[in-house]
Every structure is written in structure tokens, then in C-alpha cells.
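Enquirer: If you read the sequence shown in numbering that gives the first Met the number 0, its first letter stands for residue 0, the second for the next number, and so on. Glycine is no exception: its CB is placed at the ideal position from the N, C-alpha and C atoms. Below you will find the structure I want to go over with you.
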Amino acid sequence: MSLLQEKKAAFTVNLLLDAAWELLKRCDIDELSFKKVAEQANISQRTMFRYFTTRESFLDALTARLYAELDIPNVPDEVDALPSYIATLYAKLDAQPRKVMVLLSADLLPRVLNANTKQRLQALEDLLKNHYSYVSADDIKKTAANLRYVMSASSWRYYRMHFEFDSQMATECGQLFVTQSLAYLGSKNLSQNPA
């Protein structure tokens, strides 16, 4: 494929993904069809099938695009930065609530989880192991899993949508959870080395 053909293909794919996002601003993911996306993009369905042979491949590309646009920060390198990470993360999610809700839909959430969850969990485990070397592997694993959950769009959604907390209250809840989890790990050193 020539450079010009590659650019044209990338342009067309972006056009289709933009069209899908425009539709998703006013409809649910299960209403999204190749026909509707092609019409929104003002191209033929046949052209769309050149780039996406199945709905699954299209949803994979759409998920990757929408997730990248959220611009979720990486897990910090320092344990002390975890509470402020919650504020940064939740602010990113608050800035694009419709995109978050689409990504949390039954059609897209498994794709997000497959692409990101294990890596972020591993990053948290590594961070905690390095900082709390005296804590058992099981306690590190459990704490990392709990922290990973509170550092997710799912937790943000519960705080913001289900509990109807404002942005500040949601952030403070997440930060409190992180602080309590880190205090728990810190207490393990005291229990192993009583004064």
C-alpha cells in the first residue's frame, strides 16, 4: 500500500469513527449499525466493509479510539501520589461523561477491560511491592485490586450517577478509600515490628 493509500485509509477510518461518535451522542451503542454509521459519514456501506469486515472489528476500533480520547493518566510512580491521582482521574472522567458511559456499555466494557485492566493492576501491584516490601504478596494483591477498582470509571460512575455525589464528594470518597488502603498496608509494618 502506498503512502497516499495509507493516508486515505486512515482518513476514511477516522471519518467512520467520528460518525459513530456523533451518533452515540444521541443513541445507544446497540442502535449503532453499519448502515447508520455509513450514512452519517456520507459514504457507502460497501466502503465501510472494506475497512471493517465485522461489527466486532468496528467496535474494537471504536473502543480504542474513545478510550484514547479520555486520556487516562498512567498509574503514578510514587505511592504518595495515589490520592491526587484520584482527583486527576475523576476530573478526566467528569470532563467527558457521555464518552465514559458509552465505554461502560455492555458492548464496549469487555474490550476496555481486556485492553487495560491487567496492565494497570500489575502497575499498582509493582508500586505497592516496592513501597511495602514487608507486606505479604496476598495483602499486596488484594490491596492493588481494590485500588484498581476505585481508580476506574465504574467506581466514578457509582459515586457520580448512582449515589448522585457531586464531583468533589466523589473525589473525596475515592481519596479516602486510597488513604485507608495505604494506612492498612502501613499498619502491617507495625504489626510485624511491635514497639
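Are the Cβ atoms of L112 and A143 separated by less than 8 Å?
Expert: Not closer than 8 Å, so no.
Enquirer: Taking E30 as part of the alpha helix (DSSP H), name the residues at either end of that continuous run.
Expert: Taken as a continuous stretch (DSSP letters only), E30 belongs to no alpha helix (DSSP H), as it is neither H nor E.
Enquirer: Can you check whether the CB of V101 is closer than 8 Å to the CB of L65?
Expert: For L65 and V101, yes; Cβs fall inside 8 Å.
Enquirer: Let me check understanding here. Comparing Cα to Cα, which of E68, T11, K187 lies closest to Q95?
Expert: E68
Enquirer: Please tell me whether N145 and S104 are closer than 8 Å, where the distance is taken between their beta carbons.
Expert: no
Enquirer: Would T219 pass as a contact of A86 if the rule is Cβ separation under 8 Å?
Expert: For residue 219 there is no data in the structure shown, the boundaries of the chain being 0 and 194.
Enquirer: Taking the alpha-carbon positions, what's the M47 to A63 distance?
Expert: 18 Å
Enquirer: Enumerate in chain order the residues of its own chain whose CB-to-CB distance from K91 is below 8 Å, with the five nearest sequence positions on each side excluded.
Expert: Once the five neighbours on either side are set aside, the close Cβ partners of K91 are L69, D70, I71, P72.
Enquirer: Just to confirm the assignment: which complete alpha helix (DSSP H) runs, minimum length 4, are found wholly within the segment 79 to 153?
Expert: 81 to 94, 96 to 102, 108 to 130, 136 to 149
Enquirer: So, is S186 buried or exposed, given that buried needs 16 or more other C-beta atoms within 10 angstroms?
Expert: exposed
Enquirer: In the DSSP assignment, find the unbroken alpha helix (DSSP H) run with D17 in it and report its ends.
Expert: Residue range 2 to 23 is occupied by the alpha helix (DSSP H) that includes D17.
Enquirer: Within the continuous alpha helix (DSSP H) that includes S56, where are the two ends?
Expert: 54 to 69
Enquirer: How about I28 and D125: do their beta carbons lie closer than 8 Å?
Expert: In this structure, D125 does not lie closer than 8 Å to I28 by Cβ.
Enquirer: Alpha carbon to alpha carbon, how far is F10 from L108?
Expert: 26 Å
Enquirer: My output table needs one value for K187: the three-state DSSP class, helix, strand or coil.
Expert: helix
Enquirer: Considering M47, what are the terminal residues of the alpha helix (DSSP H) in which it resides?
Expert: 44 to 50 is the span of the alpha helix (DSSP H), which, as asked, contains M47.
Enquirer: Counting Cβ pairs closer than 8 Å, one from the segment 155 to 163 and one from the segment 129 to 138, do we hit at least three?
Expert: no
Enquirer: Would you call the CB atoms of S211 and D93 closer than 8 Å?
Expert: Nothing about residue 211 can be read from this structure; the chain reaches only from 0 to 194.
Enquirer: Can you tell me whether Y148 is buried or exposed, with buried defined as 16 or more other CB within 10 angstroms of its CB?
Expert: exposed
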